Amino acid sequence: EGLRLKLGTPLQVGTLLFNAAEEILAGERSAVSAEVAAASGVSAAMTAYRAAMEADFGAQRDAVRNCVLRASTRCDELIDNTLRLTNGADLFVTFVLGNGRGVIIDKY
572 EGLRLKLGTP
582 LQVGTLLFNA
592 AEEILAGERS
602 AVSAEVAAAS
612 GVSAAMTAYR
622 AAMEADFGAQ
632 RDAVRNCVLR
642 ASTRCDELID
652 NTLRLTNGAD
662 LFVTFVLGNG
672 RGVIIDKY
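Numbering (the working numbering), first residue to last: 572 to 679.
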């Protein structure tokens, strides 16, 4: 009986320690699994965010391009209207001779 107790007690203690270690590892495994799932969700969210930002960048770029093209067209029209041959005399009087406010300045 003494030999059985002497050998059985360390085996029971070892078994209890092994079971406790398994429980601790199972808890850590579930925590790690939750962290991996969260990290995978972040990766998918970042991919979606990047796609949305690229689409928004394209829209903003197109809007700016349209504004610049409209401004360029308006400048071209203004220059064409101002530099007509029929306005030559008024341009000369207004800008070259500096004769006060000419017809061109009043018109534009």
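Virtual Cβ for every residue (Gly too), placed ideally from N, Cα, C.
Small disclaimer: the values here were computed from a predicted structure and weren't measured.
* Asked: Taking the continuous alpha helix (DSSP H) assigned at residue 654, which residues delimit it?
  -> To locate residue 654, count along the sequence shown from 1; it is residue 83. No alpha helix (DSSP H) contains residue 654, which DSSP labels as neither H nor E.
* To do: Give every residue of the same chain whose Cβ lies closer than 6 Å to the Cβ of residue 593, excluding the five residues on either side of it in the sequence, and list them in chain order.
  => In the sequence shown, counting from the first residue as 1, residue 593 sits at position 22. Correct list: empty, nothing qualifies.
* **Distance, residue 619 Cα to residue 589 Cα** => Counted from its first residue, the sequence shown places residue 589 at position 18. Counted from its first residue, the sequence shown places residue 619 at position 48. When the Cα atoms are used, residue 589 and residue 619 turn out to be separated by approximately 45 Å.
* Taking C-beta to C-beta, are residue 653 and residue 662 nearer than 9 Å? -> Here residue 653 corresponds to residue number 82 of the sequence shown, with the count starting at 1. Here residue 662 corresponds to residue number 91 of the sequence shown, with the count starting at 1. A contact, by the Cβ cut-off of 9 Å.
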